[in-house]
Amino acid sequence: MEKQPRLLASQLLLKNSLFEVSLNRVLLTWKEIPTKKKRVSGGIHHPFKVGTSHGVSVSEILAVRELDVDSGRKDDGRWQKMPQKSTEAYPYAFTVSYVERAWQHRWRCSDVTFHCLEGALCQQWVQTIREQLTALTSRPKHLLVYINPYGGKQQGERIYEQKVAPLFTLASISTDVIVTEHANHARDHLRTEAELKQYDGVVCVGGDGMFSEMVHGLVSRTQRDNGVDQNSPEEKLVPCTLRIGIIPAGSTDCICYATVGINDPVTSALHIIVGDAQPMDVCSVHHNNTFLRYSVSLLGYGFYGDVLADSERKRWMGPARYDFSGFKTFLTHHYYEGTVSFLPATDILGTPRDKTRCRAGCFICQHNGQLYSEDAPEICETDPDVSDSEYKGGWRVIRGKFLAINAASMSCACPRSPKGLSPAAHLADGTTDLILVRKCSRFNFLRHLLRHTSKYDQFDMTFVEVHRVRRFRFTPRYCQSDSELDLRENGKRLFSQICRDHPACSCSPAYSSWNCDGEILPHAAIEVGVHCQLIKLFARGIEEQPVFEDLPNPCAV
215 MEKQPRLLAS QLLLKNSLFE VSLNRVLLTW KEIPTKKKRV SGGIHHPFKV
265 GTSHGVSVSE ILAVRELDVD SGRKDDGRWQ KMPQKSTEAY PYAFTVSYVE
315 RAWQHRWRCS DVTFHCLEGA LCQQWVQTIR EQLTALTSRP KHLLVYINPY
365 GGKQQGERIY EQKVAPLFTL ASISTDVIVT EHANHARDHL RTEAELKQYD
415 GVVCVGGDGM FSEMVHGLVS RTQRDNGVDQ NSPEEKLVPC TLRIGIIPAG
465 STDCICYATV GINDPVTSAL HIIVGDAQPM DVCSVHHNNT FLRYSVSLLG
515 YGFYGDVLAD SERKRWMGPA RYDFSGFKTF LTHHYYEGTV SFLPATDILG
565 TPRDKTRCRA GCFICQHNGQ LYSEDAPEIC ETDPDVSDSE YKGGWRVIRG
615 KFLAINAASM SCACPRSPKG LSPAAHLADG TTDLILVRKC SRFNFLRHLL
665 RHTSKYDQFD MTFVEVHRVR RFRFTPRYCQ SDSELDLREN GKRLFSQICR
715 DHPACSCSPA YSSWNCDGEI LPHAAIEVGV HCQLIKLFAR GIEEQPVFED
765 LPNPCAV
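Under this note's numbering, think of the first position of the sequence shown as 215, with each following residue one higher.
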């Protein structure tokens with residue numbers, strides 16, 4: 215790396231010791247100047263090791279403030295105890311707030327205060343650092359914030375006001391805040407009313423459901439403004455220019471966990487402040503040339519669809535309904551017949567079974583994203599009279615009995631399942647991992663489910679197969695037309711009532727429901743296409759941990 219010229223260098227006082235402090239366009243560094251006699255004032259542990267060079271990237275400096283040493287008050291109104299000897303010999307001071315990495319991907323806001331001999335020198339440091347921060351054009355200055363007051367434990371407003379808003383104020387970010395009043399409030403406002411040109415990004419304070427609202431509103435607005443027909447499965451969608459920030463405050467925060475590495479409001483707020491940008495793929499779901507929904511994480515038919523459908527009827531149980539419905543669905547052990555056709559992703563890096571994980575600066579996402587943008591896949595019709603597994607016009611067609619059909623556009627990792635449904639799935643490579651779990655015994659299916667929480671390969675089973683695809687279609691065996699679909703819906707009400715009246719009934723349903731990021735789709739026959747890097751998040755992907763965990767001080771250089 216080319217050495218950056220110094221913008222400023224001075225000897226400043228820090229914790230009763232002199233430090234050589236230097237600033238260039240990339241780094242702010244400080245190193246203690248050795249003296250013959252070392253002294254630690256008051257026996258307080260010194261946070262910086264003697265002789266070690268410490269530093270912080272300019273891109274991760276949050277703010278700089280000049281201190282009024284005489285009154286012991288910072289210019290943002292907060293109090294700070296000032297050592298008496300420091301105030302006498304070095305009467306001027308400034309504080310730099312920066313990102314400090316803690317354990318398990320957590321970020322924290324830390325401060326370091328330097329004392330100067332002259333007021334002019336202090337002002338020069340403050341002015342120079344502020345000029346460097348102003349030059350960081352990726353940082354947002356004005357944000358539109360939506361808060362879901364009902365999600366999770368109903369702590370959205372408190373989390374924002376106590377943990378996030380003070381950081382935005384510190385970084386001089388102005389916000390317009392909207393507290394949502396009903397379902398799809400954020401989606402509808404983004405789609406029609408919001409003046410998006412005056413903002414640098416949109417932020418949601420809530421869970422995955424709130425994030426899905428934001429994605430639907432922002433993507434729909436972008437397509438409408440650019441004259442794109444969302445009802446056409448073959449249409450190439452226009453990427454959104456505004457980034458989306460997620461402050462986790464919901465019952466499930468899988469998107470945040472998969473893009474940041476932890477569900478922590480402060481960490482997410484700091485990623486927004488420094489202006490990170492993480493592209494993400496989005497899947498569009500259609501039925502008979504009619505747009506249904508967008509998906510960014512999981513599309514699940516069979517097991518995961520049945521779990522969601524059953525849990526929706528038990529909302530009175532709260533979060534426990536997912537465990538109850540999951541156990542009940544496992545015991546029922548329903549399988550579903552149908553045809554899956556998919557277009558495999560060829561000539562790309564990475565496979566669903568490799569050990570590569572999507573991390574910050576992922577090379578596979580960069581390479582495959584560029585490959586996808588150069589040549590979009592063509593749509594090919596498939597012959598319905600094909601064998602159980604064969605290729606037709608570039609598409610592969612599989613018929614069978616399935617316990618679960620899942621499409622994972624990301625790892626779908628969460629605290630309960632640290633590896634996720636597809637550990638090697640990537641956020642922005644233009645593909646989704648199609649996981650087919652064929653009919654098997656309850657015991658074998660349980661083995662498969664348990665592997666989501668262990669270190670073992672959940673795909674290393676004879677009844678499980680996984681394919682990295684760009685598009686796929688599914689048609690249930692007993693639902694081949696709109697008329698049959700109407701019949702199916704009517705029959706659902708009739709036979710579900712019969713089965714409720716006669717619990718001993720062991721009849722197996724002919725169809726399941728699609729779980730699309732926590733929402734139930736109205737149709738079982740769908741067509742899905744992946745749109746590469748359609749949105750961007752205020753995130754950078756999960757950073758590799760060992761770089762920081764092995765150091766006694768995260769800022770040590």
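Glycine included, every Cβ here is placed at the ideal spot set by N, Cα and C. Only a predicted model underlies this, so the values are computations on that prediction, with no experimental measurement involved.
Unbroken beta strand (DSSP E) runs of no fewer than 3 residues, entirely contained in the region 491-557, are found at 492-501, 504-509 and 512-516, following chain order.
The straight-line gap separating the alpha-carbon atoms of Phe752 and Pro723 is approximately 43 Å.
DSSP, reduced to helix, strand and coil, places Tyr374 within a helical segment of the structure shown.
Relative to the Cα of Cys497, the nearest Cα in the group Cys576, Tyr515 and His430 belongs to His430. In the DSSP assignment, Lys615 is bridged to Glu551. The residue among Ile612, Tyr586, Val452 and Gln492 with its C-alpha nearest the C-alpha of Arg687 is Ile612. For the pair Val452 and Asn620, the Cα-to-Cα distance works out to about 26 Å. In this structure Ala408 is not in contact with Met424, their Cβ atoms being roughly 15 Å apart against a cut-off of 8 Å.
Closest option to Gly459, judged by alpha-carbon separation, among Ser434, Glu448, Ala491 and Val433: Ala491. Around Ala639, the same chain offers Ala622, Met624, Ser625 and Asp647 as residues with beta carbons nearer than 6 Å, after the five sequence neighbours per side are excluded. When the beta-carbon positions are compared, Val480 and Arg279 stay at least 9 Å from each other.
With contacts defined as CB atoms closer than 9 Å, Asn729 and Ala397 fail to qualify as a contacting pair.
Between the beta-carbon of Lys355 and that of Ser388 there is about 7 Å, and that keeps the pair under the 8 Å contact cut.
Just so you know, the alpha carbons of Asn445 and His501 end up roughly 9 Å apart.
The bridge partners DSSP lists for Ile740 are Phe688. Shortest Cα-Cα distance from Ile578 to any of Cys746, Phe517 and Val359 involves Cys746. Going by DSSP, Phe308 is part of the beta strand (DSSP E) stretching over Tyr306 to Arg315.
Under the criterion of beta carbons closer than 8 Å, Glu314 and Arg322 qualify as touching, at roughly 5 Å.
Following the DSSP letters along the chain, one finds Asp478 in no alpha helix (DSSP H), marked with neither H nor E. With respect to Val474, Val419 sits apart: the two C-beta atoms are not nearer than 9 Å.
Here Leu381 has Ala483 as same chain residues with Cβ atoms under 6 Å from its own Cβ, once five neighbours each way along the sequence are excluded. Checking the DSSP bridge columns, you'll see Glu449 has no partner listed. Following the DSSP letters along the chain, one finds Ala724 in no beta strand (DSSP E), marked with neither H nor E.
Within a 10 Å sphere around the beta-carbon of Arg239 sit fewer than 16 other beta-carbons, which makes this residue exposed.
Contact between Val359 and Asp390 holds, with the beta-carbon distance rounding to 7 Å and staying under 8 Å. The alpha-carbon separation between Leu226 and Gly575 amounts to approximately 36 Å. Going by DSSP, Thr645 is part of no alpha helix (DSSP H) at all; its letter is neither H nor E. For Ile275, the enclosing beta strand (DSSP E) starts and ends at Ile275 to Asp282. Per DSSP, the unbroken beta strand (DSSP E) holding His356 starts and ends at His356 to Ile361. If you draw a straight line from the Cα of Ser655 to the Cα of Ala534, it comes to about 26 Å. DSSP places Ile392 in the uninterrupted beta strand (DSSP E) bounded by Ser388 to Val393.
If you look at Thr243, you'll find it in the beta strand (DSSP E) that goes Leu241 to Glu246. Apart from sequence neighbours up to five positions away, the residues of its chain that approach Gly614 with a beta-carbon distance below 6 Å are Arg652, ordered along the chain. Just so you know, the alpha carbons of Ser631 and Leu228 end up roughly 44 Å apart. In summary, Lys669 is exposed, with fewer than 16 beta-carbon neighbours lying within 10 Å of its beta-carbon over all protein chains present.
Apart from sequence neighbours up to five positions away, the residues of its chain that approach Lys542 with a beta-carbon distance below 7 Å are Asp524, ordered along the chain.
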